[in-house]
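Heads up: the structure comes next, in structure tokens.
Protein chains in written order, with the working numbering: chain A, 650 to 1021; chain B, 5 to 372; chain C, -7 to 245.
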């Protein structure tokens, strides 16, 4: 028991003397939380529109002003031909082309039907989708306006109409930052817990001090505890700093209880550190450890539902997500911080992460042999 | 010259013998392509929703049937009252809810008007918008079916054509980005660490006092990673073409040439970092935090640059990956030629030369 | 130099100890005995198997076959007890560079179970003895190599183990510093600590009570330096070694 205290003393001294670690713990949360939500905005706005108007009629002008008035689109140019408009697409100056054919207004009135041509730069699928959807919506509304204007009242029997009211819960302002911040907190905790633990142990291997420890009567589990505890504490510190920054800068206050959050983080850290430990037993050099950890972290984060929803993933990917501790953390972060979920709701997540913690740490301890 | 080749050979041995790192070096682009190509998408699919059917009549049943049939949705449960919606959301099991009030069909028939309520979990705003739109369109489908017999006059029919990527596959956007990221990672980080490691172990001093020009020593470290990176570019392209069905529309030669330029830019950056840092750990951290994160954020492939506040947009201009990403998109996906990208190429060249100059200067200062 | 012929208590006993890696036999059926309080030198060229042998005796590596007892404890079944009773100093000196002198001493002392009072007394005594009063609160990284070595040795014997294992402890320092280091070793031996030291400095062989010379994984010679020189009719240990080692097949480790 005393051995652990000595180990902890040594670890903490080493950590605080290590400038880069201090930098990471203090600076990284702040930087990530400030820059990432600012940068990571998936909202689709300012779609650049090039219009090719062959008609120049009141209707075409009305349509165009309705489109620009919507706020989603920015009029880049009036081009004389489709070919000219394409140049804008090629140079990324326009995302969308609207071509209004010659005789649009006349033909619509006379033939009851008329076409409009839209070309969308679909390299960014989301943008294209939403851009196409927005412009279709506006055209439909415009269509309805014309219909009401042209059709004499009484000629149409009242049609049954289903009125749709929609509301947005938990984030009524549709603020993308609200979505990103809990996810970023998750990344922070994961990186500190996983990365630093793995690197630290491999460093001792590389330098040779681990051999010295192996010759002493220090038991396996003491040594590992001595490594886990400091970084566990650090993980909690980073998380707290993160929460503070989220509150100060974005005004995000967890709706759920902090107790729930911290309990989950406590168990989660054990799991992710167990993973770092495990990786460290396979590596001889820091370079390897870092590279391998980075690879796994990247996969975990990408497939954890941070940027794109897990539901949209194919079956095999969702299977992977089930084994990905980060996906549980991201989910719980959002549930508790944004929706106020409590112990009851996150119990399944907690249970699974606890299993991860046990399995990973056990595996790591088994691997870590003092004798070869 | 043979001395130079000896050095390069030695570096290759170092790299090739570290099996674990090698595995990741080659495996990573493959895995990333798989993930980005197949797993990551903002498309709405299999979204779980909860239905509150207080009406339980003909109309509501029919609409529910349509929802069930839709590939966008998976009905998690159908409940009888609205109180249970909140719990369902809080458990994280559903992303949207649709409510049919009692007397839904009756209202439609007698008053020609009925209400339906859609509630979306807006923690993911885009997802919420999409879900609301899809649910609305299902309801509107039903409505127009009711209205079938009457013809609707004055119809404007928009015909939409998707350029470059008719199937709206994410690959077109991601693959160029993955290329940028992988090259950045390998070239910057690995080169930096490899050089700093020699500094740390002291073998660098030995090399520096040998008759070889220090420049050659450094170059010999960069060359294996240059070749490795070209392999990576090739593997990414092969994967894109054969696995993701993403053809190379422009000139392959131009693409490879531009990639080589970008690789050299990253190598120079790695060398610069290695000159400025003393420990492997610091080199790693700078590469990761200082290079990779900005690359991911500011290259434009994950998040649209035009959405970012102005200062961040300005910062994005100094990130080499941003320019490379534009070049790859232009050549590989839009099929354009050099005339379209000469500006970006020039910028990359400029960044490289700048990095090279300050590296040389820092290096000479150290020796002096 | 004292001879310890009247102390026949056996500190280390190895019998046909072997370590095999696949087809490669690093240590081939080595047998020897080391007496308590003896300074036993383990010599050999690089790759001869010295480090392999020592790692087995420390409990760092499990032998492929053969038997050994260290301080009376079996090398297969009682590794934990072995560790409690030995000290170890590796080639890399195994002090934490980013901790101070005092912090290193207190850490290792605490690990071996010294009480708080013992720690205080012993660390003060150690620092005095080594003359490190001015450096007690400086990081080990700032010490010159010779001082690091002396400190590492002192830390290794701080808990008064029965045996201390030294793996090539004096690399890279001037002869005066090496002599001072060996003074420390003598002091410890006088207190009854068995010293098991590997080295490839042949002049250090003269300082030992007995030495063994390993060649190609086997013990090619085991005796006092005096006897060996007589046996080979040469004037220095260098030449003894040269006689034995030039037949060696394995050079590089």
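Glycine included, each C-beta is placed from N, C-alpha and C at the ideal position.
Work out the CA separation of residue j and residue i for me, nearest whole Å.
i	j	result
residue 232 (chain B)	residue 734 (chain A)	41 Å
residue 790 (chain A)	residue 287 (chain B)	57 Å
residue 210 (chain B)	residue 8 (chain B)	16 Å
residue 659 (chain A)	residue 99 (chain C)	7 Å
residue 315 (chain B)	residue 124 (chain B)	33 Å
residue 163 (chain B)	residue 134 (chain B)	21 Å
residue 834 (chain A)	residue 22 (chain B)	34 Å
residue 20 (chain B)	residue 250 (chain B)	31 Å
residue 1026 (chain A)	residue 701 (chain A)	With chain A covering only 650 through 1021, there is no way to say anything about residue 1026 (chain A).
residue 101 (chain C)	residue 868 (chain A)	16 Å
residue 941 (chain A)	residue 956 (chain A)	22 Å
residue 664 (chain A)	residue 746 (chain A)	57 Å
residue 196 (chain C)	residue 172 (chain C)	12 Å
residue 953 (chain A)	residue 970 (chain A)	6 Å
residue 766 (chain A)	residue 300 (chain B)	35 Å
residue -2 (chain C)	residue 107 (chain C)	Bear in mind that a pLDDT of 49 at residue -2 (chain C), under 50, signals an unreliable position, so the number given afterwards is only what the model happens to contain. Residue -2 (chain C) and residue 107 (chain C): Cα-Cα distance of roughly 34 Å.
residue 756 (chain A)	residue 159 (chain B)	11 Å
residue 206 (chain C)	residue 222 (chain B)	41 Å
Spell out the partners DSSP gives residue i in its beta bridges.
i	result
residue 57 (chain B)	B:104
residue 215 (chain C)	C:203
residue 26 (chain C)	C:4
residue 88 (chain C)	Answer by DSSP bridge pairing: none, since residue 88 (chain C) is not bridged.
residue 727 (chain A)	A:700
residue 810 (chain A)	B:117
Relative to the alpha-carbon of residue i, which residue among the options has its alpha-carbon at the smallest distance?
i	options	result
residue 97 (chain B)	A:1004, A:959, A:784	A:959
residue 52 (chain B)	B:368, B:100, B:361, B:293	B:100
residue 654 (chain A)	A:893, A:772, A:876, A:861	A:876
residue 213 (chain C)	C:237, C:12, C:172	C:237
residue 110 (chain C)	C:144, C:95, C:142, C:150	C:150
residue 255 (chain B)	B:213, B:141, B:342, B:184	B:342
residue 157 (chain C)	A:680, A:1006, A:861, A:1005	A:861
residue 18 (chain C)	C:9, C:41, C:37, C:67	C:41
residue 106 (chain B)	B:149, B:198, B:57	B:57
residue 187 (chain C)	C:167, C:225, C:215, C:155	C:155
residue 104 (chain C)	C:92, C:75, C:131	C:75
residue 144 (chain C)	C:72, C:207, C:115, C:199	C:115
residue 975 (chain A)	A:946, A:898, A:817	A:946
residue 721 (chain A)	A:784, A:707, A:771	A:784
residue 937 (chain A)	B:190, B:269, B:321, B:365	B:190
residue 89 (chain B)	A:919, A:818, A:694	A:818
residue 16 (chain B)	B:272, B:230, B:349, B:360	B:230
residue 344 (chain B)	B:313, B:334, B:351	B:334
residue 698 (chain A)	A:666, A:864, A:770	A:770
Nearer than 7 Å: is that true of the beta carbon of residue i relative to any heavy atom of the ligand SAH?
i	result
residue 875 (chain A)	As for the ligand SAH, it is missing from this structure, which has no ligand bound.
Query raised in the report: Which of the residues in the region 938 to 950 of chain A, read from start to end, lie with their CB under 8 Å from any CB of chain B?
Result: 939, 940, 941, 943, 944, 947, 948
Report task. Would you list, in chain order, the members of the region 54 to 69 of chain B that have their beta-carbon closer than 9 Å to a beta-carbon of chain A? Result -> 63, 67
Query raised in the report: Would the region 842 to 852 of chain A and the region 707 to 724 of chain A be scored as touching if the rule is three or more Cβ pairs under 8 Å?
Result: no
Query raised in the report: What are the residues of the region 670 to 702 of chain A that lie near chain B, defined by any Cβ-Cβ distance shorter than 9 Å?
Result: 670, 672, 673, 676, 677, 680, 681, 684, 685, 687, 688, 689, 690, 691, 692, 693, 694, 695, 697
Report task. Check distances from the C-beta atoms of the region 83 to 103 of chain C to those of chain A and list, in chain order, the residues that come in under 7 Å. Result -> 84, 86, 88, 90, 91, 95, 99, 102, 103
Query raised in the report: Given 8 Å as the limit, is there contact between the region 233 to 242 of chain B and the region 256 to 275 of chain B, that is, 3 or more CB pairs closer than that?
Result: yes
Query raised in the report: In chain order, what residues of the region 840 to 858 of chain A put their CB closer than 8 Å to some CB of chain C?
Result: 856, 857, 858
Query raised in the report: Between the region 27 to 50 of chain B and chain A, which residues of the former have a C-beta closer than 7 Å to a C-beta of the latter?
Result: 28, 32, 35, 39, 42, 43, 44, 45, 46, 47, 48, 49, 50
Requested in this report: Would you list, in chain order, the members of the region 858 to 869 of chain A that have their beta-carbon closer than 7 Å to a beta-carbon of chain C?
Outcome: 858, 860, 861, 863, 864, 865, 866, 867
Query raised in the report: Do the region 302 to 313 of chain B and the region 685 to 698 of chain A meet, that is, are 3 or more Cβ pairs less than 8 Å apart?
Result: yes
Requested in this report: Return the residues of the region 113 to 125 of chain C that lie within a Cβ-Cβ distance of less than 8 Å from chain A, sorted by chain order.
Outcome: none
Query raised in the report: Does the region 904 to 911 of chain A touch the region 979 to 996 of chain A, meaning 3 or more C-beta pairs lie closer than 8 Å?
Result: yes
Query raised in the report: Between the region 884 to 898 of chain A and the region 837 to 844 of chain A, are three or more C-beta pairs nearer than 8 Å?
Result: yes
**Report entry** At least 3 beta-carbon pairs within less than 8 Å: the region 226 to 234 of chain C vs the region 54 to 71 of chain C
**Finding:** no
Query - Interfacial residues, the region 874 to 901 of chain A to chain C, with Cβ spacing under 9 Å - result: none
Query - Inter-stretch contact at 8 Å, needing at least 3 Cβ pairs: the region 981 to 990 of chain A / the region 918 to 931 of chain A - result: no
Requested in this report: For the region 266 to 282 of chain B and the region 196 to 205 of chain B, state whether three or more C-beta atom pairs, one from each stretch, are separated by less than 8 Å.
Outcome: yes
Query raised in the report: Is the region 175 to 183 of chain C in contact with the region 44 to 60 of chain C, if contact means three or more CB pairs nearer than 8 Å?
Result: no
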